[in-house]
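Everything in the sequence shown is counted per my numbering, starting at 1 for the first residue and increasing by one. Here's the structure, in structure tokens; my notes come after.
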Amino acid sequence: MKYEWKREERSSGTAEVLRPYLMKTSASLHLRFDDTPSCYPAGENYYHWKLHNDIFAMAMRVSNGRALASAIRSSRNAFIRRSENNARCFTTTQRQHVVVSPDTPNMRHAARDPALDGGLHAPPINPADKYSKKADDMHRYGAWLMGCLPKYIQQFSVWKDELVIYISPSGVIPVFTFLKYNTAAEFTQVSDITAVDFPTRDQRFEVVYNLLSVRHNARIRVKTYADEAAPVPSITSLYDGANWYEREVYDLFGVFFIGHPDLRRIMTDYGFDGHPLRKDFPLTGYTEIRYDEEKKRIVVEPLELTQAFRNFEGGSAAWEQVGPGVDRKPDSFRLPTPKPEEKKEEPKK
1 MKYEWKREER SSGTAEVLRP YLMKTSASLH LRFDDTPSCY PAGENYYHWK LHNDIFAMAM
61 RVSNGRALAS AIRSSRNAFI RRSENNARCF TTTQRQHVVV SPDTPNMRHA ARDPALDGGL
121 HAPPINPADK YSKKADDMHR YGAWLMGCLP KYIQQFSVWK DELVIYISPS GVIPVFTFLK
181 YNTAAEFTQV SDITAVDFPT RDQRFEVVYN LLSVRHNARI RVKTYADEAA PVPSITSLYD
241 GANWYEREVY DLFGVFFIGH PDLRRIMTDY GFDGHPLRKD FPLTGYTEIR YDEEKKRIVV
301 EPLELTQAFR NFEGGSAAWE QVGPGVDRKP DSFRLPTPKP EEKKEEPKK
């Protein structure tokens with residue numbers, strides 16, 4: 001914009017007055033600068049300058065407001081057109097955009113099925129039925145495995161969609177070789193190896209292997225048994241990931257694995273006494289580690305309890321059940337209750 005300066009004569013004298021002249025062109029408003037005053041006008045002429053300055057500011061606001069309103073109006077129209085074209089892209093549509101035929105029935109007033117006069121009824125869902133089809137496939141697959149390896153697989157069980165096979169320790173290498181390399185199995189990944197302690201059994205440790213077949217998107221669980229002196233063959237020659245799993249089972253349960261390249265503790269400290277996850281292992285352990293102020297070092301000493309051991313009533317060990325308890329075994333694992341024998345009447349003499 002340009003300013004135009006003019007000298008104006010008045011009765012009170014001559015003064016330099018700022019007088020903006022708005023010259024409207026096709027492009028915008030232009031103001032010319034002809035002359036520049038050396039200072040602001042004073043006295044009566046100042047109010048004359050202030051009036052012209054306010055008029056100029058008002059004209060600028062009006063012109064800018066009109067230009068802004070014009071721009072907003074054009075963009076708003078374009079947005080409305082785009083919204084109408086893209087109305088189907090939204091999950092909801094305005095009510096005025098929905099055309100409903102007067103002949104369309106109202107489903108709230110539709111007649112109900114006469115068979116449902118007593119109300120809606122949903123039958124109870126049996127969890128076993130949910131996996132019935134898959135359980136049948138698991139049964140057939142378990143029977144096929146037993147047919148392929150009858151010498152090593154002793155039995156199998158299916159619970160929902162989980163297949164478990166039971167093998168002897170001598171069948172660990174043959175069974176795992178078959179499960180890894182057979183095209184109908186291809187269980188190439190060992191997910192976990194753990195153990196369970198059953199002190200009342202002859203073979204107190206149950207070693208559990210969990211395998212995964214990425215090719216067939218299937219899982220299988222293999223169980224075998226061991227004792228303190230009866231070792232289990234290592235599968236590190238078949239599965240590299242079994243190295244640390246077998247070390248963990250040895251550390252926490254004391255199960256030995258024949259053929260392991262580095263069978264040593266992995267969870268507990270060096271020189272640890274006992275295996276913590278055995279049922280007969282005391283909760284307090286056998287030794288304690290503390291810092292000796294006199295020796296200025298860490299020492300390992302036998303544990304001295306400040307209270308007596310807890311006495312368990314009803315059994316000689318903590319893991320033995322006290323009382324009848326509650327049977328929470330699944331129905332598919334329960335054996336049928338035998339029928340009571342008929343009482344034979346003794347012949348009268």
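Backbone N, C-alpha and C fix where the C-beta goes; we use that ideal spot for every residue, glycine too. Since the model is a prediction, treat every value here as computed from it, not as a measurement.
Does DSSP classify residue i as helix, strand or coil?
i    : result
Q303 : Checking the sequence shown, residue 303 turns out to be Leu, not Gln. Looking at L303 - three-state DSSP - the assignment turns out to be coil, as it is neither helix nor strand.
A195 : strand
V190 : strand
T284 : coil
D331 : helix
I220 : strand
F176 : helix
R140 : helix
T36  : With a pLDDT of 41 at T36, under the threshold of 50, the predicted position of this residue should be treated as unreliable, though the coordinate-derived value follows. Coil at T36, not helix or strand.
S132 : helix
Y152 : coil
Y225 : strand
H109 : helix
Shorter than 8 Å from the beta carbon of residue i to some beta carbon of chain B?
i    : result
T236 : Considering every chain present, this structure includes no chain B. It has just one protein chain.
By the DSSP assignment, the beta strand (DSSP E) with residue i in it spans what residues?
i    : result
L252 : Run containing L252: none in the beta strand (DSSP E); it sits in the alpha helix (DSSP H), A242 to F253.
E212 : For the record, residue 212 in the displayed sequence is Leu; it is not Glu. Counting along the chain, the beta strand (DSSP E) containing L212 begins and ends at F205 to S213.
L163 : E162 to I167
With a CB to CB cut of under 7 Å and the five nearest residues on each side skipped, what residues in its chain are close to residue i?
i    : result
L238 : F176, T177 and K180
D331 : none
R201 : none
Going by CA-CA distance only, name the one from the options that's closest to residue i.
i    : options                   : result
I258 : R247, L252, T268 and I266 : R247
D262 : G274, W244 and Y286       : W244
N156 : A143, S168 and K134       : In the sequence as displayed, the identity of residue 156 is Phe instead of Asn. Checking every option, the nearest Cα to that of F156 belongs to A143.
C148 : N182, M138 and D129       : N182
Looking only at its own chain, which residues have a Cβ that is under 6 Å from the Cβ of residue i, when we skip the five neighbours before and after it?
i    : result
Y209 : I193 and V222
D292 : V299
E345 : none
R219 : L212
A42  : Any reading at A42 must be qualified, since the residue scores a pLDDT of 47, below 50, and its modelled position is unreliable; the value itself is stated next. Same-chain partners within the cutoff: there are none.
Do residue i and residue j have their C-beta atoms closer together than 8 Å?
i    : j    : result
D251 : T224 : no
A195 : F187 : no
Y286 : G271 : no
I153 : L145 : yes
A230 : P169 : yes
V172 : V255 : no
R253 : L283 : Checking the sequence shown, residue 253 turns out to be Phe, not Arg. No. Outside cutoff.
G241 : V190 : yes
V158 : A135 : yes
Might you give, ordered along the chain, the residues of its own chain that have their beta carbon closer than 8 Å to the beta carbon of residue i, omitting 5 neighbours on each side?
i    : result
R290 : I298, V299 and E301
Y131 : K160 and D161
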